[in-house]
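Quick notes on the structure that follows.
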Amino acid sequence: MTPKIAAGNDTIVASASGAGRAAIAVIRISGPVARTVLEALCGGVPASRHAALRDIGPAAVAPIDRGLVLWFPGPASFTGEDMAELQVHGSRAVIRAVVEAVLVLPTTRLAEPGEFARRAFENGKLDLTQVEGLADLIDAETEAQARQALAQAEGSLRALYESWREELVRAQALVEAGLDFADEGDVAADVGAKADCIVAALRQAIARHLAERSGERLRDGLRVVIAGAPNAGKSSLLNLLARRDVAIVSEEAGTTRDVIEVHLDLGGVPVIVADTAGIREAEGRVEAAGIDRALGRLDEADVVLWVVDAAAPQWAAPSVISAREKPQKNAIGARKTAIAVLNKIDLAPGAGEGREVLEISAKTGEGIDRLLARLEAAAASATESGAGAPLLTRARHRAELTAVQQALERFGDPGLSPELKAEEIRLAAHHLGRLTGRIGVEEVLGTIFSQFCIGK
53 MTPKIAAGND
63 TIVASASGAG
73 RAAIAVIRIS
83 GPVARTVLEA
93 LCGGVPASRH
103 AALRDIGPAA
113 VAPIDRGLVL
123 WFPGPASFTG
133 EDMAELQVHG
143 SRAVIRAVVE
153 AVLVLPTTRL
163 AEPGEFARRA
173 FENGKLDLTQ
183 VEGLADLIDA
193 ETEAQARQAL
203 AQAEGSLRAL
213 YESWREELVR
223 AQALVEAGLD
233 FADEGDVAAD
243 VGAKADCIVA
253 ALRQAIARHL
263 AERSGERLRD
273 GLRVVIAGAP
283 NAGKSSLLNL
293 LARRDVAIVS
303 EEAGTTRDVI
313 EVHLDLGGVP
323 VIVADTAGIR
333 EAEGRVEAAG
343 IDRALGRLDE
353 ADVVLWVVDA
363 AAPQWAAPSV
373 ISAREKPQKN
383 AIGARKTAIA
393 VLNKIDLAPG
403 AGEGREVLEI
413 SAKTGEGIDR
423 LLARLEAAAA
433 SATESGAGAP
443 LLTRARHRAE
453 LTAVQQALER
463 FGDPGLSPEL
473 KAEEIRLAAH
483 HLGRLTGRIG
493 VEEVLGTIFS
503 QFCIGK
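With positions in the sequence shown counted from 1, the corresponding number in the numbering used here is that position plus 52.
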């Protein structure tokens with residue numbers, strides 16, 4: 053089988069390893085003349101998928117380096133094309149010289165960001181959900197993120213969405229069969245009822261999938277907002293959680309004017325903790341802007357740490373919050389968690405007696421372990437999936453699946469004609485096809501593949 057290569061396709065080359073000083077660097081080559089490149093620079097092509105130690109460099113000059121050479125003939129390669137990898141010493145000089153030696157050969161050029169992955173997609177080696185999983189795997193910062201991304205890169209979402217698409221094709225065939233046998237009422241009614249059953253089951257499955265938010269939280273990070281009145285110790289708490297001074301701490305009210313964030317790893321779950329301006333009636337335009345940003349972050353938060361000063365407790369919400377409609381859900385529609393934190397207990401022990409508060413001292417560190425444990429539990433709860441099924445991870449997936457669900461809901465309208473029912477099924481299948489990249493995704497390809505580094 054000959055790999056699919058677009059007309060005028062060049063052979064691309066790039067370093068696939070990180071920039072900077074390293075022991076080993078990997079240089080990737082993919083395209084029609086990859087074999088020619090190996091013959092010119094390595095004296096021949098090693099056995100498929102066997103590493104061979106070779107001198108690397110143009111035959112007429114001294115070798116640039118000595119390293120391992122691997123050959124992956126298409127279509128059984130990552131890109132689906134003839135592909136090679138050179139493992140050389142990781143100095144900038146060696147990498148630059150090897151890449152320049154490749155570029156001397158005709159029809160070779162430097163790869164663009166994500167071009168190896170894009171060729172894999174175009175040659176049917178990956179679908180878009182797998183490409184996105186691969187991008188997430190490269191960017192993963194915690195073990196839980198890496199596990200989720202690896203499952204997606206290996207095709208978990210693809211298998212789920214393709215199974216739904218097959219069911220839609222079945223339903224579409226039944227609806228169209230009903231149109232063909234419209235003159236035979238019993239046949240049309242029978243196939244129509246079977247199609248209705250398939251669509252009803254799909255609507256339930258997709259609704260459950262859309263209702264599960266843990267995959268998005270795990271990919272993007274759980275959003276924790278530290279809020280409260282001025283001088284409650286919010287910035288001190290942020291510094292303590294970050295284990296470094298990231299926020300200015302002062303006894304002057306209104307010191308924090310902008311939102312300051314730190315990233316934590318709590319039990320393998322990424323957590324973004326934001327310190328916000330003290331919430332009160334603002335005394336100036338700059339402070340008012342900071343408070344407005346704080347209120348916006350409260351709306352978006354998954355978890356709110358409401359910090360109260362034990363030495364001067366203000367248990368009631370400030371009027372700027374009371375006067376504002378307080379969403380009980382965050383920006384993605386999930387219910388948020390609020391944790392009352394009583395700070396400065398070293399100055400006023402017993403101030404929280406009789407109240408459901410988590411008592412801490414950001415100055416001495418007392419109670420911080422309990423707070424971290426509470427946050428870790430909240431993060432685990434927010435990112436775990438009870439069903440164990442593949443999880444929706446991106447806004448693009450949610451938008452397409454919402455369109456699928458809407459089409460299926462219209463299909464269920466009892467007053468809809470069979471012809472329009474067939475059209476709604478076709479539209480639903482179209483949006484599922486856009487999810488995996490089967491159809492109509494040209495406008496999003498550039499955005500998706502530009503997220504990759506040059507050598508991927």
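By construction, the Cβ of each residue, glycine as well, lies at the ideal position given by its N, Cα and C atoms. If you're wondering where the values come from, they're calculated on a predicted model, not measured in any experiment.
Asked, Found
"Do you know how far the Cα of residue 121 is from the Cα of residue 150?", "13 Å"
"Measure the alpha-carbon distance for residue 407 versus residue 393 and round it to whole angstroms.", "11 Å"
"Can you confirm whether the region 181-195 touches the region 450-463 when touching is taken to mean that 3 or more C-beta pairs between the two stretches lie within less than 8 Å?", "no"
"Below 6 Å CB to CB, which residues in the same chain sit around residue 330 once its five sequence neighbours on both sides are set aside?", "281, 282"
"Does DSSP classify residue 130 as helix, strand or coil?", "coil"
"Would you mind sorting residue 436 into buried or exposed? The rule is 16 or more other CB atoms within 10 Å of its CB.", "exposed"
"Residue range of the alpha helix (DSSP H) that residue 476 falls in?", "470-488"
"Decide if residue 305 is buried, meaning its Cβ has at least 16 other Cβ atoms within 10 Å, or exposed.", "Below a pLDDT of 50, predicted positions are generally treated as unreliable, and residue 305, at 48, falls in that range; no measurement from the model is reported."
"Spell out a yes or no on whether the region 424-431 and the region 448-459 are touching, meaning 3 or more CB-CB pairs, one atom from each, closer than 8 Å.", "no"
"Going by other Cβ atoms of all chains shown within 10 Å of its Cβ, with 16 needed for buried, is residue 488 buried or exposed?", "buried"
"Since residue 110 sits in a beta bridge, which residues does DSSP pair it with?", "Answer is none; residue 110 lacks a bridge partner."
"Straight-line CA distance for residue 103 to residue 477?", "50 Å"
"DSSP state of residue 433, grouped into three classes?", "helix"
"Just verifying my parser: in three-state terms, what is the DSSP assignment at residue 395?", "strand"
"In three-state DSSP terms, what is residue 326?", "strand"
"How far does the beta strand (DSSP E) with residue 81 in it extend, from its first residue to its last?", "76-82"
"In the structure shown, what three-state DSSP assignment does residue 67 receive?", "strand"
"Quick one: what does DSSP say residue 122 is sitting in, helix, strand or coil?", "strand"
"Considering only C-alpha positions, which residue in the set 388, 391, 389, 362 is nearest to residue 405?", "362"
"Let me check one thing: in DSSP terms, what residues is residue 361 bridge-paired to?", "395"
"Check whether the region 171-186 touches the region 104-117, taking contact to mean three or more Cβ pairs, one atom from each stretch, closer than 8 Å.", "no"
"With H, G and I counted as helix, E and B as strand and the rest as coil, what does DSSP make of residue 421?", "helix"
"Using DSSP with H/G/I as helix, E/B as strand and the rest coil, what is residue 206?", "coil"
"Should the region 67-82 be called in touch with the region 137-144, which here means at least 3 C-beta pairs below 8 Å?", "yes"
"By a C-beta neighbour count over all protein chains shown, 10 Å radius and 16 as the cutoff for buried, is residue 416 buried or exposed?", "exposed"
"Does the ligand SAH have a heavy atom nearer than 7 Å to the CB of residue 318?", "Questions concerning the ligand SAH fall outside what the structure shown contains, since it holds no ligand whatsoever."
"Using a Cβ-Cβ distance under 8 Å, would residue 450 count as near chain B?", "In summary, chain B is missing from the structure at hand, where a single protein chain is found."
"Provide the residue span of the alpha helix (DSSP H) that contains residue 449, from first to last.", "447-463"
"Excluding the five sequence neighbours on either side, which residues of its own chain have a C-beta within less than 7 Å of the C-beta of residue 62, listed in chain order?", "83, 159, 160, 161"
"With a threshold of 8 Å on Cβ separation, who are the neighbours of residue 124 within its own chain once the five nearest residues in sequence on each side are excluded?", "100, 101, 130, 134, 135, 136, 137"
"Is the beta carbon of residue 95 sitting closer than 8 Å to the one on residue 87?", "no"
"At a cut of 8 Å, does the region 353-361 reach the region 311-319 through at least three beta carbon pairs?", "no"
"Exposed or buried, which one is residue 312 when buried takes at least 16 other CB atoms within 10 Å?", "buried"
"Are residue 181 and residue 210 close, meaning C-beta to C-beta below 8 Å?", "yes"
"Could you please give me the residues that DSSP links to residue 280 through a beta bridge?", "359"
"Give the straight-line distance between the Cα atoms of residue 403 and residue 396, rounded to the nearest whole angstrom.", "10 Å"
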